[in-house]
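Number of protein chains: 2
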Amino acid sequence: MGHLKHLVIPKFKEGVVVEEIMKGMEKLVSELDTVKSFEWGKDIGSQEMRRQGFTHAFLVTFQKEEDFTSFLDHPSHVEFSPTFSATIEKIVLLDFHAVLGKAPA
Amino acid sequence: MGHLKHLVIPKFKEGVVVEEIMKGMEKLVSELDTVKSFEWGKDIGSQEMRRQGFTHAFLVTFQKEEDFTSFLDHPSHVEFSPTFSATIEKIVLLDFHAVLGKAPA
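Heads up: the sequence lines are chains V and U, in that order.
Sequential numbering from 176 applies to the first sequence in my numbering.
Sequential numbering from 176 applies to the second sequence in my numbering.
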């Protein structure tokens, strides 16, 4: 089974300083060994109609599902969650085992 | 600047056979050199309320933004798009330059 990916698609409330949120998030994932890797990005706006107000994507990768569960229950994550939630107008969360449909050359 | 990631979050219509769609998608990305890699997955359902009906994530990675533009305009993609769109009830699309917040160990 592939790595477990935790995908977070937020729409931040107006006035939120995303850079501040990112500092907290990078600190969180860097401190926790259960997090294998973390990638994120800001939508470039080429298909604005179809992003439906969502502006960022956060992708946290775990070696296995148990690591993801440990991450969710970890005191640092439990502490960070309400801080993050307070900045969110709406959100989509998806958790999936990654299937590699085309490997990087 | 990081790789350009094209993130597709679909909610398929009822009765759609996702395996059929995946065959078309894997064929498409495998044939096009502009696509660096392709990963996808099906939500494991642990946070059903927060996935808002979306069930899958598709993540197409390009070396650079120009490759993404070429991909969008390629006849194979132009041909595949309406087939894919016909299976979709709703969708979120995000395109972003990936920032590596934590590198894999």
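Note that the Cβ used here is the ideal one computed from N, Cα and C, for glycine as well.
Between the Cα of residue i and the Cα atoms of the options, which residue gives the shortest distance?
i	options	result
residue 279 of chain U	V:195, V:216, V:208	V:208
residue 186 of chain V	V:272, V:264, V:192	V:264
residue 189 of chain U	U:256, U:269, U:262, U:215	U:262
residue 268 of chain U	V:226, V:219, V:197	V:226
residue 260 of chain U	U:180, U:184, U:176	U:184
residue 272 of chain U	U:201, U:204, U:243	U:243
residue 250 of chain V	V:191, V:238, V:206, V:176	V:206
residue 252 of chain U	U:199, U:240, U:221, U:213	U:199
residue 224 of chain V	U:236, U:277, U:266	U:266
residue 195 of chain U	U:270, U:255, U:277	U:255
residue 238 of chain V	V:228, V:270, V:192, V:220	V:270
Within 7 angstroms: the Cβ of residue i and any heavy atom of the ligand GDP?
i	result
residue 212 of chain U	In the structure on display, the ligand GDP does not appear, and there are no ligands present to speak of.
Taking Cβ positions, are residue i and residue j nearer each other than 8 angstroms?
i	j	result
residue 178 of chain V	residue 211 of chain V	yes
residue 275 of chain U	residue 232 of chain U	no
residue 203 of chain U	residue 215 of chain U	no
residue 230 of chain U	residue 180 of chain U	no
If you measure from the beta carbon of residue i to each beta carbon in chain V, is any gap under 8 angstroms?
i	result
residue 248 of chain U	no
residue 237 of chain U	no
residue 210 of chain U	yes
residue 276 of chain U	yes
residue 219 of chain U	yes
residue 200 of chain U	yes
residue 232 of chain U	yes
residue 263 of chain U	no
residue 270 of chain U	yes
Would you say residue i lies against chain U (beta-carbon separation less than 8 angstroms)?
i	result
residue 190 of chain V	no
residue 193 of chain V	no
residue 251 of chain V	no
residue 186 of chain V	no
residue 214 of chain V	yes
- Query: What runs of the beta strand (DSSP E), each 3 residues or longer, lie entirely inside the segment 177-265 of chain V?
  - Reply: The segment 177-265 of chain V contains, as complete beta strand (DSSP E) runs of 3+ residues, the segments 179-187, 210-217, 231-237 (chain order).
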